[in-house]
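Going by numbering that gives the first Met the number 0, the sequence shown opens with residue 0, and the numbers climb by one from there.
For glycine and all other residues, C-beta sits at the position ideal for the given N, C-alpha and C.
Heads up: the structure comes next, in structure tokens.
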Amino acid sequence: MSQPMNTHRYDAAAVTTAYASALEVIAAVEPDVAGAIRQELTDQRESLKLIASENYASPAVLLTMGNWFSDKYAEGTIGHRFYAGCQNVDTVEQLAADHARALFGASHAYAQPHSGIDANLVAFWAILAQRVEAPGLAAAGARHVNDLSEADWEKLRHELGNQRALGMSLDAGGHLTHGFRPNISGKMFHQSSYGTDPETGLLDYDHVRAQAREFKPLVLIAGYSAYPRRINFATMREIADEVGATLMVDMAHFAGLVAGKVFTGDFDPVPHAHVTTTTTHKSLRGPRGGLVLCQPEYADAVDRGCPMVLGGPLSHVMAAKAVALAEARQPAFATYAAAVADNAVTLADGLLRRGTKLVTGGTDNHLVLLDVSSFGLTGRQAESALLDAGIVTNRNAVPRDPNGAWYTSGVRIGTPALTSRGFGPAEFDRVAELIVDVLSATTPSATASGGLSQAKYELADGVAAKTQAAAAELLEKFPLYPGLDLS
Ligand code: DSN
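Encoded structure:
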């Protein structure tokens, strides 16, 4: 079978041999783990994976993680480690950083963060160090923190702990680490958040500008986990410059669209942000992990991520980041990224045509946010009913959500994973149809007091089985890791 251009290319026989052998070795020690690994492949093969933050990494990326780099400690940075014998870790970390710089056109890249949250913590720490600590040292006549007196420390602690951050609110699609009060980012900073326009659901730059002028943040954070539109980062930088803020962009969700040149010019964060963070496993299709890209003045502070903020680097994952970033530099990745965005538009159109309500009325990235209140459901009920039918999504708050962050009124649906399997417009239109069929056949259960449950629901008889069969028919045409045969 010929593969669509947006899928992985590999030698299926070699990959089968590698995994069959690895599972045999694992099974000899703990067969249940080997069994769970096999089962995970089966489950992923047999479901419609529409979680916007998930994907399928290539066999090369996955295989790079299973080796002895896992055994090596390498705290510090390339060439300046706290342990001896890090020459091979230096090689892979340098490769990951070089590929990241070339791919994104960044002047500096730091490949050590273990996750997106870790990347954001490194960025916050670096911004505080660069903007507050360094001038604080100079003001105290010191060149190093060890030279500070107790009184200097007290003053610096006050300065460090008295800074402000402004980011997108969680219910508008921002991330927990963008200043959500209970998150550490909401504790490190005095925080304020901007939402979206109540009518259109879109980001209102004039409103952000007005808030920034009033709040005067040290850090202006842009980026999102559940906003279905692109952001004009040139405008965000203008706002940051006007109020003297550092612009930090979290592109964890849409890094693949930046790498694949779907988001360019004003919509490419890297040339505009002082510091850009990302994960490597979402639309970028690499191993689970994070990256920080930054402008030169933040590089030293960013490189102090480990051991100031992070534990020892996961060298096996950094090696896999290098492989994934090398893949993302190939022309085929741009084809993939374009297909992710095109498929999201098809999915949005398919849902809208069938009478559903989408936050912002559509998408221009890799996700749609379906408001399920018109079905009389909470996000939790919709997520569960879809799962019963073999459709894997996640519930998500919609702006000003009356059901809060636990039950929610929305379902977030993303195209990166199924696009990696080769799904195109016809398949995504069918996915839209299946989603609407399932939700139309779902009703909330009654509670003992006669109200409606926010969690329990009934799915009409036969709908789950019928949808699973329709999904299986779609998935069969686009096998996950074709040719990988572990039977
Ligand atoms: N867990 C990620 C997501 O699903 O968007 C964000 O942390």
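Secondary structure of residue i, DSSP reduced to three states
i: Gln210; result: helix
i: Lys48; result: strand
i: Thr362; result: coil
i: Arg353; result: coil
i: Asp265; result: helix
i: Gly75; result: strand
i: Ala388; result: coil
i: His107; result: strand
i: Leu94; result: helix
i: Asp31; result: helix
i: Leu61; result: helix
i: Leu40; result: helix
i: Arg80; result: strand
i: Leu202; result: strand
i: Leu473; result: helix
i: Phe232; result: helix
i: Phe123; result: helix
Test item: CB-CB of residue i and residue j under 8 Å
i: Val218; j: Leu346; result: no
i: Leu159; j: Ser192; result: no
i: Gly259; j: Ala337; result: yes
i: Pro478; j: Arg80; result: no
i: Ile50; j: Gly413; result: yes
i: Leu417; j: Ala469; result: no
i: Ala110; j: Glu92; result: yes
i: Ala323; j: Pro286; result: yes
i: Thr543; j: Val269; result: A question about residue 543 goes unanswered here, because the residues of the chain that appear run from 0 up to 486.
i: Val410; j: Val371; result: yes
i: Val358; j: Pro398; result: yes
i: Cys293; j: His98; result: no
i: His365; j: Pro443; result: no
i: Met112; j: Gly304; result: Position check: residue 112 holds Pro in this sequence, whereas Met was assumed. Cβ distance < 8 Å, so Pro112 and Gly304 count as in contact.
i: Gly288; j: Tyr72; result: no
i: Ala251; j: Thr278; result: yes
i: Phe214; j: Arg163; result: yes
i: Ile230; j: Phe179; result: no
DSSP bridge partner residues for residue i (one or two, in chain order)
i: Arg394; result: Val410
i: Pro500; result: No information on residue 500 is available, as it lies outside the stretch 0 to 486 that the chain covers here.
i: Gly222; result: Asp249
i: His113; result: Answer by DSSP bridge pairing: none, since His113 is not bridged.
i: Cys85; result: According to DSSP, which records beta bridges pairwise, Cys85 is partnered with nothing at all.
i: Leu165; result: Ser191, Leu219
i: Thr275; result: Val248, Leu292
i: Asp370; result: Lys356, Gly409
i: Leu451; result: Ala445
Give me every residue whose Cβ sits closer than 5 Å to any heavy atom of the ligand DSN, in chain order. Ser52, Ser224
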